[in-house]
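*Asks:* As given, the protein sequences belong to chains A and B, one line each in that order. Per our numbering: the first sequence = residues 2 to 271. Per our numbering: the second sequence = residues 574 to 839.
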Amino acid sequence: MSKVIVVTSGKGGVGKTTTSASFSTGLALRGNKTVVIDFDVGLRNLDLIMGCERRVVFDIINVINGDAALSRALIKDKHCDNLYVLPASQTRDKDALTLDGVERILNELKESFDYIVCDSPAGIELGAFTAMYFADEALVVTNPEVSSVRDSDRILGILAAKSKRAVEGREPVKEHLLVTRYSPQRVASGEMLSVDDIQEILRIPLIGVIPESEIILQSSNSGSPAIHMDKSDVSDAYKDVVARFMGEERPMRFLTHEKQGFLKRLFGGR
Amino acid sequence: MPAETPAYRIRTANVPLMVLHITTTDLMQFKSQLLQKLAQAPDFFSRTPVALGLGGIASTEESLDFQDITTFMRAHGMLAVGVIGGSATQREAAAKVGLGALPEISARAPRPEESPPPVAASIAPLSQQDELPGLEASPPSSQEDTLPAPEAVVFRPTLLIDKPVRTGQRVYAEGANLVVTAIVNAGAELIADGDIHVYAPLRGRALAGANGNTQARIYVHSLEAELVSIAGYFQVFEEGIPEALRAKPTQIFLSGERLELHPLRV
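1) Identify every residue that forms a DSSP beta bridge with A:Lys-175.
2) Exposed or buried, A:Ile-76, counting other C-beta atoms within 10 Å across all chains shown (16 or more means buried)?
3) For chain A, is any of its Cβ atoms less than 8 Å away from the one on B:Ile-557?
4) Do the segment 773–783 of chain B and the segment 800–818 of chain B touch if we need at least three Cβ pairs shorter than 8 Å?
5) For B:Gln-640, which residues from the same chain have a beta carbon less than 6 Å from its beta carbon, with the 5 sequence-adjacent residues on both sides left out?
6) Within 8 Å (strictly less), CB to CB, does B:Ala-820 reach chain A?
7) Measure the Cβ-Cβ separation of B:Ala-653 and B:Thr-643 and say whether it is below 8 Å.
8) Please report the distance separating the alpha-carbon of B:Tyr-745 from that of B:Leu-763.
9) Buried or exposed: where does B:Met-646 fall if 16 or more other Cβ atoms within 10 Å of its Cβ makes it buried?
10) Quick check: B:Val-592 and B:Gly-629, are their CB atoms within less than 8 Å of each other?
11) Looking at the secondary structure, which residues open and close the beta strand (DSSP E) in which B:Ala-779 lies?
12) Taking CB distances under 8 Å as the criterion, tell me whether A:Leu-207 reaches chain B.
13) Counting C-beta neighbours from all protein chains within 10 Å, is the total for B:His-847 16 or more, i.e. buried, or is it exposed?
14) Determine, for B:Arg-584, whether the minimum Cβ-Cβ distance to residues of chain A falls below 8 Å.
15) Excluding the 5 residues preceding and the 5 following B:Val-793 in the sequence, name in chain order all residues of the same chain whose CB lies nearer than 6 Å to its CB.
16) B:Pro-622: beta carbon under 7 Å from a heavy atom of the ligand FAD?
17) Between which two residues does the alpha helix (DSSP H) holding A:Pro-185 run?
18) Taking a cut of 7 Å between CB atoms, which residues from the segment 136–157 of chain A lie near chain B?
19) Ignore the nearest five residues each way along the sequence and tell me which others in B:Glu-635's own chain have a CB closer than 6 Å to its CB.
20) On the CB-based measure, 16 or more other CB atoms within 10 Å of its CB, does B:Glu-709 come out buried or exposed?
21) From B:Ser-828 to A:Gly-11, what distance separates their C-alpha atoms?
22) For B:Ala-759, go through chain A and note every residue whose CB falls closer than 9 Å to its CB, in chain order.
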C-alpha cells in the first residue's frame, strides 16, 4: 500500500525542503520506490536542493492542466535510482493547484510508488492545505523556538480537522514531530526550547532531532541532499529518522552538547 | 412630595395549569362521562383552577353554552379560569361569561385517537400531562419562583473534548457546559453558554456564559490562560497571572461586574 507523507510546518524556513530531500532520499536508499513532490508553486526550491533544476521541463501544474503526462514531468534523481522528483511551477499562480488535480496525480503515482513525499510550502493557505490534504502521515518540522512551535500547533490543528482522513472520519493522519536546527548549547543556556518543552506543547511522538549544522548550507549549494554527506551529524540524524519511520528502534542522538577539544574549537567547531 | 412605596407590580409568571379538553359538542355526553370519572375520585378537583381546552372542537364552529359548563364545573370543584384555543365564535361566547382566552404555546390540539373516553384521558395527573401549556412563557424574569413551561427547558448534554485544542481552534458548546480533558494551547478558544471545566493546562482563552449566563463558572486544573470571560466580562493577565494561582487549580466566577479567581482546593 502506497503511503503519502506530508512534510509540513506552518512556519517558513525551518527545514521542510531540506527534510523532504533527505527523507525521500533515505527511503529510496533503502530500496523503496519514492517520489518527492514540490507543492510550493511560484517559489519552488525542491529542484535546487535535489540538484535537478536544469532538468525541469514540465511541472505539477502542467500535469494538472493536461499539458504533459505525469511520466514526462517526473525527473529521475541522479544520486539514487529509486527516487523521482515532481517539481512545482515557478511561473504559475498557486491557484492553479486544485484538490481534484492533485488527487488524480496521487492516484496515478500510487500505482508505481511505495512512498509519496509531499514538500509543503509555509503557511496555511492553498498550497500547504493541498499538500497535507491527502496525507496518511505527517512530519511536522519544528525549530526549537516559540513562533515555530506555535505555527506547528496550528498546522496540527488543521491536520486533525481538515485533512481528507479527518473529513471522512477515517483513522487520523499519523503525526510525527521532527525537531530541526537543534543546538544543545543554546538549549542549555536557555535561549532555545528543549525537545521536552516542545513536546509539552505539541504532544505528538518525536521521530527525530536534526542538529544545527553548516553541512546543510553546503548541501544546498551543491544540490545534493544532506543525507548523502556520509559521517556527518546531519546525515546520521536523517538516517535515524528514516529508520524510525520504517519501524526500527534508534536511540535519540544529538540532544546533548559534546565537549569539544581545544583544537576543534580553535579550528571552527560548533 | 415623597414617592409612595409601590402598591403593586405586574410580572409574568409561568405556572402549570390543568386543562380540561372538551372533545365533543354534546354536553350531555361530556357531563355524564365526566361524572362517571368523578364518581371514582370525587375529590379529584378541589377548587382547582382549570382551563377549558377547545382545540378539539374548534373546527365544528358550534358554540357551547359556557354558562352551563362553568356552573357544572364549579359544582365539582373546578374553577374555570379561561379557554385555550377554539374558534373565534367559541372564544367570544366564552368571554361573555367571563372566561378569557389563554394563549396557546403550540398549535397542538388533543388528537382524538390518543384518548379513548375523550374526556377521561384529558384529566391526567398534573405531572404526566405533557400538553400542559400553562400561561405563556414570556422572557424569563429574574425571579427564581417561576416555573418554566416544559417545552422551554432544553437540556443539552455536556460537550466533551478529549484531544488537545490547538492554536487557532475554537470550540463552542452551544446551550451546554464544556469539559476539556486535554491541553488547551495558547491561541485556542473555548466558548460555552454554560460552565467550562479544563482538567489540563489552560493556556488559551476560556469564555463561559457566552449567552449572557452570569452564573456560569470556569474551573481549570492549571491556570495559564491568556484571557478568561464570563457573560461578556473579561480579564486578561497583562502582568501575568498572580503567583498564587499561576499553573494551579482555579475557579473563576462573576461577582457583580468583576471576575473573581479563587484557588480550587484539590
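Glycine residues also receive a C-beta, built at the ideal position from the N, C-alpha and C atoms. Quick caveat: nothing in here was measured; it's all calculated off a predicted structure.
*Replies:* In terms of the structure at hand:
1) Your numbering for residue 175 of chain A matches position 174 in the first sequence. Note: A:Lys-175 sits in a beta bridge opposite A:Glu-138.
2) Here residue 76 of chain A corresponds to residue number 75 of the first sequence, with the count starting at 1. Looking at its Cβ environment, which holds 16 or more other Cβ atoms inside 10 Å, A:Ile-76 is buried.
3) An answer regarding residue 557 of chain B cannot be provided, because it is not within the stretch 574 to 839 covered by chain B.
4) yes
5) Counting from one through the second sequence, the residue named residue 640 of chain B turns up at place 67. Counting only Cβ-Cβ distances below 6 Å, and skipping sequence neighbours, we find Val-670.
6) By one-based count along the second sequence, residue 820 of chain B stands at place 247. So, not an interface residue.
7) Position 80 of the second sequence, counted from the first residue, corresponds to residue 653 of chain B. Position 70 of the second sequence, counted from the first residue, corresponds to residue 643 of chain B. Contact flag set, yes.
8) Here residue 745 of chain B corresponds to residue number 172 of the second sequence, with the count starting at 1. Here residue 763 of chain B corresponds to residue number 190 of the second sequence, with the count starting at 1. Taking the straight line joining both Cα atoms gives about 6 Å.
9) Taking the first residue of the second sequence as 1, we reach residue 646 of chain B at position 73. So B:Met-646 counts as buried.
10) In the second sequence, counting from the first residue as 1, residue 592 of chain B sits at position 19. In the second sequence, counting from the first residue as 1, residue 629 of chain B sits at position 56. Taking 8 Å as the Cβ cut-off, B:Val-592 and B:Gly-629 do not qualify as a contacting pair.
11) Numbered from 1 along the second sequence, position 206 holds the residue referred to as residue 779 of chain B. It spans 778–781 - the beta strand (DSSP E) in which B:Ala-779 sits, taken as one unbroken run.
12) One-based indexing of the first sequence puts residue 207 of chain A at position 206. With 8 Å as the cut-off, A:Leu-207 does not count as an interface residue toward chain B.
13) Absent from the model: residue 847 of chain B. The displayed extent of chain B is 574 to 839, so no value can be given.
14) Position 11 of the second sequence, counting from 1, holds the residue named residue 584 of chain B. With 8 Å as the cut-off, B:Arg-584 does not count as an interface residue toward chain A.
15) As a position in the second sequence, residue 793 of chain B is number 220, starting the count at 1. Val-771, Leu-775, Thr-823, listed in sequence order.
16) The ligand FAD is not among the ligands present in this structure, which contains no ligands whatsoever.
17) The residue given as residue 185 of chain A occupies position 184 in the first sequence. Its alpha helix (DSSP H) spans residues 185–189.
18) Arg-151, Asp-154, Arg-155, Leu-157
19) As a working note, residue 635 of chain B is residue 62 in the second sequence. Cβ neighbours of B:Glu-635 beyond the five flanking positions: Thr-598.
20) Along the second sequence, one-based indexing puts residue 709 of chain B at 136. Residue confidence is low: B:Glu-709 scores 29 on pLDDT, short of 50, so the model does not pin down where it sits. No coordinate-derived value is stated.
21) By 1-based counting over the second sequence, the position of residue 828 of chain B is 255. By 1-based counting over the first sequence, the position of residue 11 of chain A is 10. One C-alpha to the other measures close to 41 Å.
22) Mapped onto the second sequence, residue 759 of chain B falls at position 186. Going along chain A in sequence order, the residues near B:Ala-759 (Cβ under 9 Å) are Arg-151, Asp-154, Ile-202.
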